[in-house]
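Our numbering applies: residue 1 is where the sequence shown begins, and numbers increase by one.
Structure first, commentary second.
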Amino acid sequence: MVVREAVAVVTGGARRLGQATVLRLAQAGCHVVVNYHHSEQAAADTAADARAFSVQAESFQADVSRPAQAQALIDFTLSRFGRLDLLVANAGVFRRTPIAQAGDGDWDDMMRGNLDAFFFPAQSAGAAMVARGGGAIVALADVAGLRPWAEYGPYCAAKAAVAGLVQALAIELAPLVRVNGIAPGPVLFPDDFDAAQRQREIARTLLGRAGGAGDIAEAVLFLARADYITGVVLPVDGGRLLFEGSR
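So, in structure tokens, the structure goes:
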């Protein structure tokens with residue numbers, strides 16, 4: 001894909017990894033729709049920052065875990081820009097939830113906030129891309145979906161399902177639409193991680209350091225451009241997945 005003058009939707013694009021991705025795509029010349037659920041002002045600010053790169057950028061409110069709202073986001077993009085080339089499914093929910101303490105609501109929240117928030121926009125975007133001759137989808141999974149953590153069972157299960165859905169979509173949308181995922185490691189820590197928790201995660205990487213939001217944004221841009229890659233979940237984790245086997 002030629003990113004310059006392409007049109008991208010980034011779900012959960014107002015803050016953190018989503019914001020970094022929006023700005024990196026804009027820097028590369030891509031027009032962007034910044035989706036948000038609650039962060040209206042942050043989304044507007046991110047869109048304004050994107051426009052500083054001489055691209056067009058809009059913000060759009062939608063709970064993309066809901067089918068009708070996900071469809072509305074894609075419809076808005078097609079109406080505003082006349083095309084959709086790239087979907088970055090970044091929206092997600094993260095929360096410590098030991099399995100023994102998890103109720104129905106906890107499980108539903110994790111599945112809706114992570115798996116549904118990928119499935120429904122990908123379903124709508126994929127159909128639009130196929131109808132228009134092609135495109136690419138990049139989903140944010142997690143290393144926790146590939147190697148689960150204790151006390152985060154519902155989250156790990158949801159992100160494992162995201163990784164599986166990447167491959168299923170890659171099969172069903174081929175050859176016109178490529179679908180890939182990214183599995184971040186210790187990049188942006190949750191706000192409730194104290195210094196000891198953060199250092200413990202950093203110590204479990206081969207590179208001995210945390211990554212940054214820019215590392216994920218660069219990986220998104222790479223996968224958007226990589227025309228012969230599909231069905232891959234790319235770890236961007238400083239070697240976190242290999243650490244135990246190396247010691």
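In this text, a Cβ means the ideal position worked out from N, Cα and C, and glycines have one as well.
Owing to the predicted nature of the structure, the values given are computational and were not obtained by experimental measurement.
### Close-in-space but distant-in-sequence residues of the same chain around Val138 (CB under 6 Å, 5 per side omitted)
Taken in chain order, the residues that qualify are Val88, Asn180, Val220 and Leu223.
Using only CA atoms, which one of Asp104, Ala128 and Arg147 lies nearest to Val9?
It is Ala128.
Might you give, ordered along the chain, the residues of its own chain that have their beta carbon closer than 6 Å to the beta carbon of Ala91, omitting 5 neighbours on each side? Excluding five sequence positions before and after Ala91, the CB atoms of its chain that fall closer than 6 Å to its own CB belong to Thr11, Gly12, Val64 and Ala117, given in chain order.
Quick one: give me the first and last residue of the beta strand (DSSP E) that Leu140 is part of. Run containing Leu140: Gly135 to Leu140, per the beta strand (DSSP E) assignment.
Three-pair Cβ contact test at 8 Å for the region 138-152 versus the region 191-201
Contact between the region 138-152 and the region 191-201 is absent, with fewer than three C-beta pairs closer than 8 Å.
By a C-beta neighbour count over all protein chains shown, 10 Å radius and 16 as the cutoff for buried, is Ser54 buried or exposed?
Exposed, by the Cβ-count rule.
Open item on the list: Please report the straight-line C-alpha distance between Tyr46 and Gly82, rounded to a whole angstrom.
Closed with: Checking the sequence shown, residue 46 turns out to be Thr, not Tyr. For Thr46 and Gly82, the distance between alpha carbons rounds to 22 Å.
Practice problem: Express the C-alpha separation of Ala43 and Ile202 in angstroms, rounding to a whole number. | Solution: Cα to Cα, Ile202 sits roughly 30 Å from Ala43.
Practice item. Could you tell me the boundaries of the beta strand (DSSP E) in which Phe251 lies? Key: The chain is shown from 1 up to 247; residue 251 falls before or after that span and cannot be answered.
Using the Cβ count rule (16 or more neighbours within 10 Å means buried), how would you classify Ala195? By the neighbour-count rule (16 or more Cβ atoms within 10 Å), Ala195 is not buried but exposed.
Item to check | Buried versus exposed, by CB contacts within 10 Å (16 or more), Val2 | outcome: Val2 is exposed by the Cβ-count criterion.
**Report entry** Within 8 Å, strictly: CB atoms of Arg178 and Thr230
**Finding:** In this structure, Arg178 lies near Thr230, with their beta-carbon atoms less than 8 Å apart.
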